[in-house]
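To keep things clear, I will list the structure first and then write my remarks on it.
Number of protein chains: 2
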Amino acid sequence: MKNESLKNSTIFPLGEKVESDHFIGDAYLQMVFTDEAPLNSAIGNVTFAPKSRNSWHSHKVGQVLLVTGGEGWYQKEGEQAQLLKTGDVVNIPPHVKHWHGATKDSWFVHLAMTPGETEWLEPVDEEWYNQL
Amino acid sequence: MKNESLKNSTIFPLGEKVESDHFIGDAYLQMVFTDEAPLNSAIGNVTFAPKSRNSWHSHKVGQVLLVTGGEGWYQKEGEQAQLLKTGDVVNIPPHVKHWHGATKDSWFVHLAMTPGETEWLEPVDEEWYNQL
Numbered sequence: 001m002k003n004e005s006l007k008n009s010t011i012f013p014l015g016e017k018v019e020s021d022h023f024i025g026d027a028y029l030q031m032v033f034t035d036e037a038p039l040n041s042a043i044g045n046v047t048f049a050p051k052s053r054n055s056w057h058s059h060k061v062g063q064v065l066l067v068t069g070g071e072g073w074y075q076k077e078g079e080q081a082q083l084l085k086t087g088d089v090v091n092i093p094p095h096v097k098h099w100h101g102a103t104k105d106s107w108f109v110h111l112a113m114t115p116g117e118t119e120w121l122e123p124v125d126e127e128w129y130n131q132l
Numbered sequence: 001m002k003n004e005s006l007k008n009s010t011i012f013p014l015g016e017k018v019e020s021d022h023f024i025g026d027a028y029l030q031m032v033f034t035d036e037a038p039l040n041s042a043i044g045n046v047t048f049a050p051k052s053r054n055s056w057h058s059h060k061v062g063q064v065l066l067v068t069g070g071e072g073w074y075q076k077e078g079e080q081a082q083l084l085k086t087g088d089v090v091n092i093p094p095h096v097k098h099w100h101g102a103t104k105d106s107w108f109v110h111l112a113m114t115p116g117e118t119e120w121l122e123p124v125d126e127e128w129y130n131q132l
């Protein structure tokens, strides 16, 4: 049933499975815009399968997320995780430690615009995630 | 029937009807991102009802369109109109005269990222549009 929400939200291509130590579970990435101009940022379409998420990390310049499908979590260090739904837009400030990913029961799809570099940190604790 | 495609593509809010001489028909705009940082551009969600389109115009820095629903046209001056569908991404170069809008039969929804100013020109010829 919940997979229907992915089906309905597949606006941009799913892309390839992310092979990275900075992700847990099945996540997929399709770059949808990589030209140098006119933006100061590439645009990636990121799809998280249920339970999938990235590790804690921060962005040197910041990041903008545009949620195009499903439900997921965004958590800044020291704050409660925020539930994100289709249509939500998040401005992640520079140097703020955070993670994002799907909920346990739903796929989660967002466009990510990341003008600068990313610093990867430790994984999100499994027990803690499971209690969300 | 075709209105279903709008229903399915309403990822971001429809916003307000555009009241502008630079648009023909019913178009709607919702700004979804207007913060100064970290992007060099605001992001607007533009929805065109069937037959709706903007006038010929150009962007001083360029524009990126991310099509999130429906079907529409994008035409550069001197070239054939291109049919755009959900998932298409367009990089509109600086100073290129063009227009975009819905097809006669479909709603058309795109995100628009416009880093610089826009110069508005004449409307798209009605007879010409009707022959697309």
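Chains A and B supply the protein sequences, listed in that same order. For the first sequence, UniProt numbering begins at 1 and goes up steadily by one. For the second sequence, UniProt numbering begins at 1 and goes up steadily by one. Every residue gets a Cβ at the ideal spot worked out from N, C-alpha and C, and that includes glycine.
Within the same chain, and ignoring the five residues on either side of A/Thr34 in sequence, the residues whose Cβ sits closer than 6 Å to its Cβ are Ala42. Among the residues of chain A, those whose CB is under 9 Å from the CB of B/Ile11 are Ser9, Ile11, Leu66, Val67, Thr68, Gly69, Thr86 and Gly87, following chain order.
The beta carbon of A/Leu83 sits no closer than 8 Å to any beta carbon of chain B. Cβ proximity to chain A below 8 Å picks out Val32, Phe33, Asp35, Ala37, Pro38, Leu39, Asn40 and Ser41 from the region 29–42 of chain B.
The Cβ neighbour count for B/Trp128, taken over all protein chains shown within 10 Å, is under 16; the residue is labelled exposed. By the CB criterion at 8 Å, B/Val61 and B/Asp88 fall outside the cutoff.
Going by DSSP, A/Asn130 is part of the alpha helix (DSSP H) stretching over Glu126 to Asn130. Against chain B, the CB of A/Gly44 has no partner CB under 8 Å away; the residue lies outside that interface. Residue nearest to B/Asn45 within the set B/Thr118, B/Glu16 and B/Lys97 is B/Glu16 (criterion: CA-CA distance). A straight line joining the alpha-carbon of B/Ser55 with that of A/Gly70 spans about 35 Å. Chain A places a beta carbon closer than 8 Å to that of B/Gly62, counting this residue as a contact.
Secondary structure at A/Val46: strand, using DSSP grouped into helix, strand and coil.
Beta-bridge analysis with DSSP links A/Gly69 to A/Val109.
B/Glu126 places its beta carbon 8 Å or farther from that of B/His98.
For the set B/Leu29, B/Thr86, B/His100 and B/His95, the Cα lying nearest the Cα of B/Gln80 is the one of B/His100. Within 10 angstroms of the beta-carbon of A/Ala37 lie fewer than 16 other beta-carbons, which makes it exposed. Counted as a single uninterrupted DSSP element, the beta strand (DSSP E) harbouring B/His98 occupies residues His98 to Ala102.
Collapsing the DSSP output to three states places B/His22 in coil. Here A/Asn40 is near B/Asn40, since their CB atoms are less than 8 Å apart. Taking the beta carbon of A/Pro94 as reference, the chain B residues within 9 Å of it are Ala37 and Pro38, listed in sequence order.
Residue environment for B/Leu29: buried (at least 16 other C-beta atoms within 10 angstroms of its C-beta). Taking C-beta atoms under 8 Å as the contact rule, B/Val109 and B/Thr47 qualify, at a distance of about 5 Å.
When C-alpha distances from B/Gln131 are compared across B/Gly25, B/Phe23 and B/Thr103, the shortest belongs to B/Thr103. Within the same chain, Cβ atoms closer than 6 Å to the Cβ of B/Pro93 are found at Gly62, the five residues on either side in sequence being excluded. A/Gln75 counts as buried, since at least 16 other C-beta atoms from the protein chains shown sit within 10 angstroms of its C-beta.
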